[in-house]
Amino acid sequence: MHPLGGVRGRPGVLASLAAVSAARTATLRDAVGLGLAVGLYGVAFGAAADAAGLDVWQALVLSALMFTGASQFALVGVLGAGGSGLAAIGSALLLGTRNTVYGVRLAPLLAPRGVLRRVGAAHWVIDETTAMAVAAPDRELGRLAFWATGATIYVGWNLTTVLGALGASGLGGTAQAALDAVVPAAFLALLWPRLQRTFPEAAVQRRVAVGGAVVALLLTPVVPAGVQVVAAVVAVALAGRPRSEEVVQAGELASPPEDGAAPRKRPTSPSEEDS
Amino acid sequence: MSGGSLWTVVLVAAVGCYLLKLAGLSVPAAWVEHPWVTRVVEFVPAALLAALVAVQAATSGPDLVVDGRLAGLAVAALALALRAPFIVVLVLAGATGALVHVLAG
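First to last, the protein sequences are chains P and H.
Residue 259 in the working numbering sits at position 254 of the first sequence, and the numbers go up by one each step.
Residue 235 in the working numbering sits at position 86 of the second sequence, and the numbers go up by one each step.
Written out as structure tokens, the structure is:
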């Protein structure tokens with residue numbers, strides 16, 4: 006909100022009200038637009054779930070209850086490769102750890118009062134809602150962005166999951182071959198933004214990606230299906246951990262010793278987020 | 150995998166992923182914001198997605214195979230490099246996979 010807008014008499018108040026309303030409209034428009042775009046991935050997920058042997062209900066329960074796209078794709082990806090249930094659960098949880106970090110970032114902004122609100126808000130802590138909430142110009146718009154993006158994506162994602170699963174379940178041989186080629190392409194499309202120069206530490210992201218792919222392929226002939234995916238992630242994550250002196254430096258930057266509890270209490274504004 | 154154990158996998162993974170989200174909103178920030186943790190979490194998606202791309206495109210059970218999926222992946226990479234929208238990328242990859250299937254079959 007504009008700090009000077011409200012103290013200048015009537016025209017200033019009206020102008021600031023108009024600005025607030027325009028900002029709310031812009032936030033809602035962005036949220037709905039993002040929700041529609043993400044909905045397309047829901048079709049791909051429904052199709053991938055069907056290709057992995059899940060029925061429509063299982064695909065829908067994943068979208069409704071798990072509701073975190075990358076983990077859902079990972080689960081059906083490992084099952085589709087013939088992996089065990091444990092390997093599938095493990096890969097979904099590995100990707101789900103991202104949302105824990107998002108939750109820590111969102112907690113001061115959302116400040117959910119009471120158990121029920123926290124339990125509800127947690128369900129929608131995902132990539133897109135976090136990105137929208139953190140990018141909003143102030144805390145109120147950040148909350149609006151979180152809830153509007155979450156609601157739009159939740160509805161769209163579940164509807165399109167059913168469409169994708171139903172659409173894929175009636176396919177013949179050639180269409181099945183097409184679907185088989187769509188699944189890795191969908192994973193590549195999810196990975197792609199992380200490899201672009203604009204992404205933070207793109208060079209490291211690229212090395213990590215190549216490492217993950219190579220380790221997974223090398224392990225494929227020698228370990229049970231699905232295990233190579235989890236093993237590749239663990240190996241690459243361990244290889245990419247910061248060396249001890251980097252830890253010390255990064256730790257000092259992240260939280261000065263005299264200010265240990267700061268991340269939860271500090272006021273949230275985009276300039277203070279180290280996104 | 151039987152239908153029952155598939156349901157178990159679906160439900161356990163879903164509840165686990167939800168609890169990871171809830172933990173973020175509930176635990177003290179200092180527990181999670183270790184540089185080591187955030188650093189690993191930052192790079193897990195790239196490793197996992199790349200591993201899945203490789204496994205889904207180039208393996209069948211314990212074997213490394215080259216078929217229409219790899220051709221579709223190459224076309225998808227080209228389309229992504231040309232900034233094609235997601236849906237176009239998927240359609241092109243699927244069409245390539247189907248074409249290879251028809252030509253090879």
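Just so it is clear, CB atoms sit at the ideal spot from N, CA and C, and this is done for glycine as well.
Could you name the residues of the same chain whose beta carbon sits closer than 8 Å to that of residue i, not counting the 5 residues immediately before and after it, in chain order?
i, result
"L39 (chain P)", "E133, M137, T154, T157 and I158"
"V215 (chain H)", "A207"
"L33 (chain P)", "L149 and A153"
"I94 (chain P)", "L80"
Are the C-beta of residue i and some C-beta of chain H separated by less than 8 Å?
i, result
"V157 (chain P)", "For clarity, residue 157 (chain P) is Thr in the given sequence; the question names Val instead. No, its Cβ sits nowhere closer than 8 Å to a Cβ of chain H."
"G216 (chain P)", "yes"
"R269 (chain P)", "Model confidence at R269 (chain P) stands at a pLDDT of 37, short of 50, so the residue's coordinates are unreliable; what they give is reported in the following sentence. Taking Cβ atoms only, chain H reaches closer than 8 Å to R269 (chain P), which makes this a yes."
"A141 (chain P)", "no"
"R118 (chain P)", "no"
"T3 (chain P)", "The requested residue 3 (chain P) does not occur in the structure, where chain P is confined to residues 6 to 280."
"G82 (chain P)", "yes"
"M137 (chain P)", "no"
"D185 (chain P)", "yes"
"S26 (chain P)", "no"
"V37 (chain P)", "no"
"A182 (chain P)", "yes"
"F50 (chain P)", "no"
"A208 (chain P)", "no"
"L176 (chain P)", "no"
"F192 (chain P)", "yes"
"L41 (chain P)", "no"
"G101 (chain P)", "yes"
"W197 (chain P)", "yes"
"T179 (chain P)", "yes"
Mind pulling the chain B residues with CB within less than 9 Å of residue i?
i, result
"G173 (chain H)", "You won't find chain B in this structure, because its protein chains are P and H."
Quick one, which of the options has its alpha-carbon nearest residue i's?
i, options, result
"A49 (chain P)", "H:T245, H:A253 and H:V237", "H:V237"
"L100 (chain P)", "H:G217, H:A220, H:V204 and H:L198", "H:L198"
"G74 (chain P)", "P:G85, P:R103 and P:A86", "P:R103"
"V224 (chain H)", "P:R211, P:Q233, P:A240 and P:L193", "P:L193"
"L219 (chain H)", "H:F235, H:H250 and H:A196", "H:H250"
"A64 (chain P)", "H:A163, H:M150 and H:S151", "H:A163"
"V226 (chain P)", "P:A86, P:G175, P:W129 and P:V120", "Here residue 226 (chain P) is Pro; the residue named in the question, Val, does not match the sequence. Ranking P:A86, P:G175, P:W129 and P:V120 by Cα distance to P226 (chain P) puts P:A86 first."
"L222 (chain H)", "H:A233, H:L231, H:A179 and H:A242", "H:A242"
"I131 (chain P)", "H:E182, H:L168 and H:L213", "H:L168"
"M169 (chain P)", "H:A253, H:L239, H:G254 and H:L252", "One detail in the question is off: residue 169 (chain P) reads as Gly in this sequence, not Met. Of H:A253, H:L239, H:G254 and H:L252, the residue nearest in Cα terms is H:L239."
"A36 (chain P)", "P:T105, P:V139 and P:G231", "P:V139"
"C166 (chain H)", "P:E145, P:P142, P:L70 and P:L223", "P:L70"
"P189 (chain P)", "H:S209, H:Q205 and H:L231", "H:Q205"
"V109 (chain P)", "P:A191, P:T135 and P:A180", "P:T135"
"G44 (chain P)", "P:A112, P:F204 and P:G161", "P:G161"
"L171 (chain H)", "P:P229, P:V124 and P:A180", "P:V124"
"G47 (chain P)", "P:W129, P:T165, P:G90 and P:P113", "P:T165"
"V25 (chain P)", "P:G88, P:E145, P:A191 and P:L67", "P:E145"
"S209 (chain H)", "P:L84, P:L67 and P:S68", "P:L84"
If the cut is a Cβ gap below 8 Å, which residues of chain P does residue i touch?
i, result
"G210 (chain H)", "G87 and A230"
"S151 (chain H)", "Those within 8 Å of S151 (chain H) in chain P number zero; the least Cβ separation is about 10 Å."
Report yes or no: is there a C-beta of chain P within less than 8 Å of the C-beta of residue i?
i, result
"L231 (chain H)", "no"
"L201 (chain H)", "yes"
"V238 (chain H)", "yes"
"L227 (chain H)", "no"
"L169 (chain H)", "yes"
"L155 (chain H)", "yes"
"L252 (chain H)", "no"
"A247 (chain H)", "yes"
"V145 (chain H)", "Residue 145 (chain H) is absent from the structure shown; chain H starts at 150 and stops at 254."
Tell me which same chain residues have a C-beta within less than 7 Å of the C-beta of residue i, skipping the five on either side of it?
i, result
"L160 (chain H)", "none"
"A173 (chain P)", "G51, A52, D55, A56 and L184"
"L176 (chain P)", "L184"
"Q201 (chain P)", "A207"
"V167 (chain P)", "G51, V61 and L65"
Using a Cβ-Cβ cutoff of less than 6 Å, which residues in the same chain neighbour residue i once the five nearest sequence positions on both sides are dropped?
i, result
"A126 (chain P)", "L115 and P117"
"A240 (chain P)", "V220"
"A237 (chain P)", "G217, V220 and A221"
"A23 (chain P)", "none"
"A259 (chain P)", "Low confidence applies to A259 (chain P): its pLDDT is 41, below 50, so where it sits in the model is not reliable enough to give any reading."
"G152 (chain H)", "none"
"G88 (chain P)", "A230 and G231"
At a CB-CB cut-off below 9 Å, which residues of chain H make contact with residue i?
i, result
"G169 (chain P)", "Those within 9 Å of G169 (chain P) in chain H number zero; the least Cβ separation is about 11 Å."
In chain H, which residues lie less than 8 Å from residue i when you measure between Cβ atoms?
i, result
"R148 (chain P)", "Neighbours of R148 (chain P) on chain H: none; closest Cβ ~13 Å, over 8 Å."
"S76 (chain P)", "A162 and C166"
"T203 (chain P)", "Ordered by position in chain H, no residue passes the 8 Å Cβ test against T203 (chain P), which lies about 13 Å from the chain."
"A173 (chain P)", "Correct list: empty, because the minimum Cβ distance to chain H is about 11 Å."
In chain H, which residues lie with their C-beta within 7 Å of the C-beta of residue i?
i, result
"A221 (chain P)", "A200, A203 and V204"
"R144 (chain P)", "Under the 7 Å cutoff, chain H gives no residues; its nearest Cβ is about 16 Å from R144 (chain P)."
"D55 (chain P)", "By Cβ distance, chain H contributes nothing, its closest Cβ being about 13 Å from D55 (chain P), past 7 Å."
"L121 (chain P)", "By Cβ distance, chain H contributes nothing, its closest Cβ being about 12 Å from L121 (chain P), past 7 Å."
Using the beta-carbon of each residue, which ones in chain P are nearer than 7 Å to residue i?
i, result
"V159 (chain H)", "Q63, V66 and L67"
Report yes or no: do three or more beta-carbon pairs, one from the segment 208-219 of chain P and one from the segment 67-84 of chain P, lie closer than 8 Å?
no
Pairing CB atoms from the segment 14-33 of chain P with CB atoms from the segment 54-66 of chain P, are three or more of them under 8 Å?
no
Counting Cβ pairs closer than 8 Å, one from the segment 177-194 of chain P and one from the segment 232-247 of chain H, do we hit at least three?
yes
Below 8 Å, can you find three or more Cβ-Cβ pairs linking the segment 194-202 of chain P to the segment 168-187 of chain H?
no
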